[in-house]
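Residue numbers (the numbering used here), protein chains in the order written: chain Z, 477 to 563; chain L, 554 to 971; chain R, 621 to 1557.
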Amino acid sequence: MMRIDCPHCGPRAQAEFGYERTLDSIVTIDMPADEAVARLYARTNPRGLDDELWRHGFGCRQWIVLRRNRVTHEIVGVTAFDPAIHL
Amino acid sequence: MTRYSAFALLKAGLTGQRGWDRAWRDPEPKPHYDVIVIGGGGHGLATAYYLAKVHSIRNVAVLEKGWIGGGNTGRNTTIVRSNYRLPALHSLFDFALGLWEGMSDELNYNVMFSPRGALFLGHSDADMTALAQRGDALCCDGIAAELLTAGQVHALVPLLDMSPDARFPIHGGLIQRRGGTARHDAVAWGYARAADGLGVDIIQNCEVTGITQSGGRVTGVETSRGNIGAGRVGICVAGNSGPVAGLAGIRLPIEAQTLQAFVTEAVKPMIDTVIMSQSLHCYISQSDKGGIVLGGDPDQFPSYAQRGLPPRIERAAAEAIALVPALSRLRMVRCWAGTTDMSFDGSPIISPLPVDGLYLNGGWCYGGFKATPGSGFVYAHLLATGAAHPLAAPFGLDRFAAGATIDEAGVGFMPQLR
Amino acid sequence: MSGPGRIGGGEGATLRFTFDGVPLRARPGDTLAAALLASGIGLVARSFKYHRPRGIMAAGVEEPNALVTVGEGGRTEPNTRATDLFVYDGLVARSQNRWPSLRLDLGAINGLAAPFLAAGFYYKTFFGPPARWMLYERLIRRAAGLGKAPIEADPDRYEHRAAFCDVLVVGGGPAGLAAAAAAEGRVMLVEQDRILGGNIFASPPFVPSAVEGPAARGAPGVSTSRDTNGDGVAGLPSNVRVLTRTTATGVWDHGFVTLAQRLVEPGEAPLPGQPVQRLWHVRARRIILATGAIERPLTFAGNDRPGVMLSQAVRSYIGRFGVLPGRRVVIATNNDDAYHTAEAIAAAGGAVVAILDSRDTTPETRFPVFARAVAVATRGRRYHLAAVEAEIDGVRRRFDADLLAMSGGFTPVVHLHSQAGGKLDWRADIQAFVPGVSPQAITSVGAVAGEVPPIAAASAHLPDPKHSFVDFQNDVTAADIDLAWAEGYRSVEHLKRYTTLGMATDQGKTSNMAALSRLAGAAGIDIPQAGLTTFRAPFTPVTLGTLAGADGGGHAAPRRRLALHDRHQALAPIWQPLGYWHRPRAYPLAGETLHDAAIREARAVRTTAGIVDVSTLAKFAVSGPDAAAFLELVCATGVAKLGVGRGRYTFMLREDGMVADDGTVWRLDEARWLLTSSTGGADRMEAHLSYVHRVLAPQLRVSVVAQQEHLAGIALAGPLAADILAGLTGEIPPSHMGLAEATIAGVKILILAASYSGERAFEVYAPGFEAGPVWDALDRATRARGGFPYGLEALEYLRIEKGHIVIGAEADGRTTPHDLRLERMLRKAGGYVGAQALGRPALSAPDRMQLVGLEAAEAIPEGAMLIAATGAPVEGHVSSAAGRVLGEGGIALGLLSGGRARIGARLIASSPVRGRHVAVTVTDPLFYDPEGARYRD
């Protein structure tokens, strides 16, 4: 049960959050079809750090980005989702 | 390879257990093999066996980074069944079920395959209709399944809470009598011994750290025990498909997720059938040693930690007690977890990869164990001939880009919704 | 006199209990094991495989042998360690795994077959068809298992609690007490025993007590069923919260720790209303592990006999419980600690006949001591130890004894450190793993950190491996380990799984190191090279009831109730679950079946009117200058051109192009919209809308408010509906697909003129807490015109006649808009979620599963497969089925391969599991009022 430091709410238990997808899999509406399909169906899925989009569903209900190690569950960084940075 | 038999056991008992061979050798890797199978789990070992047995390809190595069977083969809840709704799935799994039925004799290793029945419970009329649809799909494709009334379910599992105001009332069920359980470790060991006996090299403590290519064609692998050349390389590491495919620069529609399970202390027989639910992600069975084996929802976020969240265990315990109240005073003695290879339509990927001579068998989500012999058989076919076995043909990697996904749950590409 | 017994007299033994029906007495504070030993009882159990007689080996949770069943009825707890159970008045305990009795157990025959039952024997035989294996398996399963689970319902309660602290100290022995006293902030101290102090009874200097119980000896902290603050407890300050009878079962991510707390003993009745066990979820900033070390048995033939015990356990029985486990004692050791046991035995009136020390040199002692001496075998009489065979410098010698106290060294309890991802370091001087670097804020103090006596490494020489037990509970011997090695099961995990070593309820607490030692010896490597198996939660077993907490049984899943629940309940409906919701399926009148009621209700809708509760639909208030643009991202149909006061049907795609949900969209105002969608998809839609807004299109000026639970909805449908509504609101109702605001019974309502049933209809929305009078008014007015309330069953019949798809049935997550005949509603310019994936080639294959209608002379089984003839391949299935509301025969919707081009085809709807096969004809999926004339007034 990770402890996630929500930028809006502070440290909260993982049970309040839901994983959505990796940042690099987000498909914007204006993307060409080939690129969109490729992004939907390809992941690096690393044994290590990845940037993930999560939602604080049982809290502020906002979207946050976790930079997290998938083996140790160490969370290296948490930021509020910002398209200027994350897309 | 000493043949196992009751007579051999008798002889061994009388002579102080002397005379048993090593079940499999511990060879040094050769410089080159016709086929390298990366991954020494049940699927990889079965693949090597069928390469040797069916296709007479014996210059094969299985490379396992740890100890064979140490991945999901050693962590699952040992359920074997083929009662999937979609034809492509139930055909492949039923082919596997046929192989399960003869496996102990084929391998001369008792894998304890026990067709004690795989029962799906229905908790509402809607559940029963869904189970009937599944049963109809199976029966029309020649796979036996029976719809059971509440009374018939109760006769099979007397300890179920049958009261009408139970939180999950029992309306009936769908049973596949040919389904059941098997001893998971024995499957790995049985295939390993048989493959080794046919000349396959099983190389443990050998981690693949690179996949070498030349001109768009695979040439071999780099490992913690040196470089090994290969004509063909078959990746078979469900739970690690992403990182291993990544060694060849390939990204897959797979995400790793944790699935937990737990077992209670051993008690005298109380549950004879494998119990699952149409609407709950809860499953219950009793092992031959007497422990009740339980599982529940996956941990719905990417992880390789092989360690999950306590709430999943607690929820599985709550649902199990709601179904079988007698479980309340039994004690969980151990919980563990595996890393499932969650494909983006819930179905396996048995396919060539974009590098010539490189193949993938993965994406089994949480259904891999029951498919073990079938997976090995069709993957061996692919590795031997370069062409898909008819039963594996629907499971190519290209189906995602083409839109021909096989999505039993109908939830799409997000593994956490599965 | 020989065998175990209470030191001094039997005073103070005020608790009554029974063991196998024999009434006995115990002192308050006794464990069951202590009380049994005090009563002279050494034989307590029969081992799992060979049914060997077993006694009590340890004094703590590491006990592998003395498992009993305690309690009665629904409180029965099998497999309870007698050393981890405090006697309460009325305790009923029974031995396990024996028949007909403990002394005369027919299972002992297995012992004769032992040479043939070596590790893994079952993998080498029982071949043949699976059915034959299952015959053998039935016998194996009956022989397996130790205790028997209760059948009766568990009458007791369990609870979960959360806590946060700055420092969590696990273990209330000397090191833990010191750490807790020194820690700052909010401190929690948990101890699995009933008292604090740990092994002080086993540590020198000790004072034997013949008469006084532990309380009189100034034992620190007695806290049984409550957590207490530190004040007065072992001199701990008030910032320390002490929980006894509480085991830290697991350490998870980021300082999350689960604790299992016993409020009563196994099988004991709680106070009224009190839970019996409590599971804690603790988040700790820092964790200090003071979990101590477990003493190791020695490996020799007959080391499992009653009368063979761990050395510190002997001291614990003497010092804490006033029980002397034997009168003539041999001590076997490889370290200095056991010499204190000799002192304790002598002070308690026992005789130490020999100390067998495996080391070359021994400490000074007044007792007979032998260097380079090991126990090699035991002899028994009447199920108890009678003599010890020793090898001293290679020479055999025999000592008569009724107690053998053994000490093979101490294994630090590193489980929690390891679970949390911590590394382990090897200490050759104590031949044990100690905690190394941890990725979390976890430190270890005391014995667990390696503060235990140094030992000499064990020699591999074992004269009789076949009877030298390593895992006592699973009857795994040294010979089994040798066999596994010989057969190539050489990694420690293979060894464990092949022999089942370490897989019993004690999870290898007293066997892991001995096994590793033998494995390393066979491999010719050092123990640390051999590796370790994974440490897993729980540290000691936890009941499923405790894990479930208050969520067991009836609370295992929430129930969501409609705002109008009581109104429905008064009509005695048949309830139908959908996810967690419970909604009325039909309101049968006296003597009506479900089908009768549904047909009556549906006919009322077709001929007069009816009302149905549609509150569970997802509803979203979407407003702002960019609301239309936002809705056009989410919805695949045209939206923006909708005029104020109008609505239309819409559907939404998943990013992969499949139809994910459908509903309606309404323009209440220039910049105020309402979106409705399916009940089942409500939670996912809420998240999806948020995703589209915040992640994909944050520049849009729009606000989305989910209103599923806030607004109750009632649909009024039928040819008389407009009239009924006008009568209640006093206004002309909106035209089909129009909307209006009005008032009914003084309550402000929103009217959306949508029709799911195919008749003229109005969905009436009001805030849930105000909707009661609205329902009452609609109900009265409808009945007055000959109509009825209707439920989901009738609604199904009505919508199937109109060919309206349902999410989950026709839209099963695998169908595209084209499959469902909705492609003409798609916006050609795209720009909606899912558009990009629709172009994938397989999505326009002509043989895809496509929506069709089906009709037949009789009812069509829902879910049946569609085939051309018996034995022919499956070509589709029946997704929704009903009878005609105002006619005869069956109709259905289905998905058929290439269905759009097969109107008129004759097929069979085949349901082998229900024994029904119905001839059907493929039609357009629309059976009623194709022109839509019913919507016009």
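Note that CB positions come from ideal geometry on N, CA and C, so glycine has one too.
Extent of the continuous beta strand (DSSP E) to which residue i belongs
i, result
"Z/Pro487", "Gly486 to Ala489"
"R/Asn717", "Counting along the chain, R/Asn717 falls outside any beta strand (DSSP E), and DSSP gives it neither H nor E."
"R/Lys1239", "Ala1238 to Ser1243"
"R/Ala1501", "Val1494 to Gly1503"
"R/Phe784", "Tyr778 to Val790"
"R/Pro1387", "Ala1381 to Pro1387"
"L/Gln729", "Gly725 to Gln729"
"R/Val690", "Leu687 to Val690"
Chain Z contact residues for residue i, given Cβ-Cβ distances below 8 Å
i, result
"R/Asp873", "Met477, Met478, Arg479, Gln490 and His549"
"L/Leu805", "Ala518, Arg519 and Asn521"
"L/Leu970", "Simply none; closest approach about 10 Å."
Interface residues of chain L facing residue i [CB-CB closer than 8 Å]
i, result
"R/Gln897", "Per Cβ cutoff of 8 Å: no residues; R/Gln897 is ~10 Å from chain L at best."
"R/His1497", "Gln686, Asp689 and Ala690"
"R/Ile1147", "Those do not exist, as R/Ile1147 stays about 17 Å from chain L at its closest Cβ, beyond 8 Å."
"Z/Arg546", "Ala809, Pro855, Ser856, Tyr857 and Ala858"
"Z/Arg497", "Met967"
Which of helix, strand or coil DSSP assigns to residue i
i, result
"L/Trp577", "coil"
"R/Glu1508", "coil"
"L/Leu735", "Note that residue 735 of chain L corresponds to Ala in the displayed sequence, not to Leu. Coil."
"R/Gly1519", "helix"
"R/Lys669", "coil"
"L/Leu652", "helix"
"L/Asp852", "strand"
"L/Val753", "coil"
"R/Asp1399", "helix"
"R/Tyr1269", "strand"
"R/Ala678", "coil"
"L/Gln813", "strand"
Residue i, enclosing alpha helix (DSSP H) - first and last residue
i, result
"R/Ser931", "Ser931 to Gly939"
"Z/Thr555", "Element bounds for Z/Thr555: not the alpha helix (DSSP H) but the beta strand (DSSP E), Ile551 to Ala556."
"L/Gln686", "Asp678 to Cys693"
"R/Leu1348", "Ala1341 to Thr1349"
Per-residue contacts from residue i into chain R (C-beta, under 9 Å)
i, result
"L/Gly593", "The premise fails here: L/Gly593 is roughly 11 Å from chain R at the closest Cβ pair, so nothing lies under 9 Å."
"L/Phe536", "This structure gives no information on residue 536 of chain L, because the portion of chain L shown stretches from 554 to 971."
Neighbouring residues, chain R, relative to residue i (Cβ below 7 Å)
i, result
"L/Lys842", "Ala764"
"L/Cys693", "Met1485, Ile1487, Val1494, Ser1530 and Pro1532"
"Z/Phe557", "Arg1314 and Val1315"
7 Å Cβ cut-off: residues of chain Z touching residue i
i, result
"L/Phe953", "Tyr517"
Chain-ordered chain L contacts of residue i [CB-CB under 9 Å]
i, result
"Z/Val513", "Phe953, Ala954 and Gly956"
Handout entry: Runs of beta strand (DSSP E) lying entirely within the region 990 to 1062 of chain R, each at least 3 residues, in chain order
Key = 993 to 1001, 1004 to 1012, 1015 to 1020, 1023 to 1027, 1030 to 1032, 1044 to 1047 and 1052 to 1055
Practice task
List in chain order: all unbroken beta strand (DSSP E) runs of 3+ residues lying wholly within the region 489 to 521 of chain Z.
Solution key: 494 to 498
Exercise for the section: Flag this pair as touching only if the region 690 to 707 of chain R and the region 738 to 756 of chain R have three or more C-beta atom pairs under 8 Å; answer yes or no. Expected result: no
Handout entry: Every unbroken beta strand (DSSP E) within the region 881 to 960 of chain R, with a cutoff of 3 residues, ordered by chain
Key = 897 to 909, 913 to 915, 928 to 930 and 948 to 953
Practice task
Entirely within the region 579 to 624 of chain L and at least 3 residues each: give me those beta strand (DSSP E) ranges in chain order.
Solution key: 585 to 591 and 613 to 616
Practice task
Would you be able to state if there are at least three C-beta pairs under 8 Å between the region 817 to 824 of chain L and the region 489 to 496 of chain Z?
Solution key: no
Practice task
Say whether the region 967 to 976 of chain R touches the region 984 to 991 of chain R, bearing in mind that this needs 3 or more beta-carbon pairs closer than 8 Å, one atom from each stretch.
Solution key: yes
Handout entry: Three-pair Cβ contact test at 8 Å for the region 895 to 903 of chain L versus the region 947 to 961 of chain L
Key = yes
Exercise for the section: Mind listing, in chain order, the continuous alpha helix (DSSP H) runs of no fewer than 4 residues lying wholly within the region 816 to 900 of chain L? Expected result: 863 to 876
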